[in-house]
Amino acid sequence: MELAARLIQEGKLVAFPTETVYGLGANALDPMAVAKIFALKERPSFDPLIIHIADLDDLKKLTAEVDDRVYLLAEKFWPGSLTLVLPKSKLVPDIVTSGLPTVGIRMPANEIARELIRTSGRPIAAPSANKFGRISPTTANHVRKQLPDVDYILDGGKTTVGIESTIIELTEKGFRILRNGIITKEDIEEVLSFDDSEKTESIVAPGMVKSHYSPVKKMIVADKNIPVDIDKSKAGLLSFTGKYENGYRKIIRVSESNDLKEYAVNMFDAMHTFEDDSEIEIIVAEPVAETGIGKAIMDRLRKAEYNWRKGSSEI
1 MELAARLIQE
11 GKLVAFPTET
21 VYGLGANALD
31 PMAVAKIFAL
41 KERPSFDPLI
51 IHIADLDDLK
61 KLTAEVDDRV
71 YLLAEKFWPG
81 SLTLVLPKSK
91 LVPDIVTSGL
101 PTVGIRMPAN
111 EIARELIRTS
121 GRPIAAPSAN
131 KFGRISPTTA
141 NHVRKQLPDV
151 DYILDGGKTT
161 VGIESTIIEL
171 TEKGFRILRN
181 GIITKEDIEE
191 VLSFDDSEKT
201 ESIVAPGMVK
211 SHYSPVKKMI
221 VADKNIPVDI
231 DKSKAGLLSF
241 TGKYENGYRK
251 IIRVSESNDL
261 KEYAVNMFDA
271 MHTFEDDSEI
281 EIIVAEPVAE
291 TGIGKAIMDR
301 LRKAEYNWRK
311 GSSEI
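Counting in the UniProt record's numbering, the sequence shown runs from 1 upward without gaps.
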């Protein structure tokens, strides 16, 4: 931990576990260090980063204004998988926010992540520790596969949530969801009212591009309605209900009990497994109902299949 913290202080990049996915971290207040994140990930400069903090005092330093609603949300959901998009202070470099006047801030639930922040004495800017647009990493080995040149990896085992945080922005009417996650609209409505006005199409938070979380192999989301040109004998299936498993070369059951939280935890790991398997040419993921956590799961799966689906007339 001491070495990782020192590397952060020196402007280096450290991959570290959070409860959601592994992050690629740098000192959020050092523009040159943050630039290394964009370079190593091959991430476009228009896609802003999230700053991770360990204490509420850091929130006050990084934001221009904090109203009472923020503290209500922090009390209920932090540490945890909720990112708040708030007006940024002058302390936050423009490169972190892609020039936007707002910044996404989160206090992770993972103790290793918070210890790294505290030991380094720096807020840490961190997107997922992978190449831009590729499958998110939920283990240290996933990071090594995609980012072998990262300065250091803190291995904290497999992440416990498995998908990226929910991102919200506050509005006059309440809150608006920018990215779905394990914390659902219904969870947040226990604290604030939902703003059902149309959300912006511009990118103001991570994960808003159309293609994301993608394996290098073809991928589709389908149950019994498989396109006719798909050879199941060369396909790997992410199975949820167990209803559509006949004929597939290999099957990974993402949940043994039809539990959406288990699907979220195991989804990216299963995609990595099939991506690395030379016997698998195409990945098929069983869809779920787009309610609650299912919205977050389907958001990832739809974006993961986007590059293939947009050129297909079969689906």
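Using N, Cα and C, we set each Cβ at its ideal position, and we do this for glycine too.
Taking a cut-off of 8 Å for Cβ pairs, the region 128–139 and the region 268–281 touch, as three or more such pairs fall below it.
Excluding residues up to 5 positions away in sequence, ASN27, SER120, GLY121 and ARG122 lie with their Cβ nearer than 8 Å to the Cβ of GLN9 in the same chain. For PHE274, the enclosing alpha helix (DSSP H) starts and ends at 260–275. About 6 Å separates the CB atoms of PHE240 and VAL254; that is less than 8 Å, so the two are in contact. A distance below 8 Å between beta-carbons, with the five flanking residues on each side excluded, links GLU290 to the following residues of its chain, in chain order: MET298. Collapsing the DSSP output to three states places VAL103 in a strand. Taking all protein chains shown into account, ASP231 has fewer than 16 neighbouring C-beta atoms within 10 Å of its C-beta and is therefore exposed.
Cβ atoms of GLY156 and PRO17 come within 8 Å of each other, at about 3 Å.
The beta carbon of ASP276 is closer than 8 Å to those of LYS145 in its chain, skipping five residues each way along the sequence. In the three-state reduction of the DSSP assignment, ILE51 falls in the strand class. Note that the C-beta distance between LEU24 and PRO127 is below 8 Å. Secondary structure note for PHE77: its alpha helix (DSSP H) is the uninterrupted segment 68–77. Among the bridge pairs identified by DSSP, GLY25 is matched with VAL14.
According to the DSSP assignment, PRO31 belongs to the alpha helix (DSSP H) that extends over 31–41.
Between TYR244 and GLU281, the C-beta spacing is not below 8 Å. Taking 8 Å as the cut-off, the Cβ atoms of LEU86 and THR102 count as close.
Judged by DSSP secondary structure, THR83 falls outside any alpha helix (DSSP H) and instead within the beta strand (DSSP E) spanning 82–87. Across the set LYS36, GLU262 and GLU19, the C-alpha of LYS36 shows the shortest separation from the C-alpha of LYS131. Per the DSSP secondary-structure output, LYS250 pairs in a beta bridge with GLY236.
Residue pairing by DSSP places TYR152 opposite VAL14 in a beta bridge. Short of 7 Å from the beta carbon of ILE293, and not among the five residues preceding or following it, lie these beta carbons of its own chain, in chain order: ILE182, THR184, LEU260, LYS261 and ALA264. DSSP places VAL96 in the uninterrupted alpha helix (DSSP H) bounded by 94–97.
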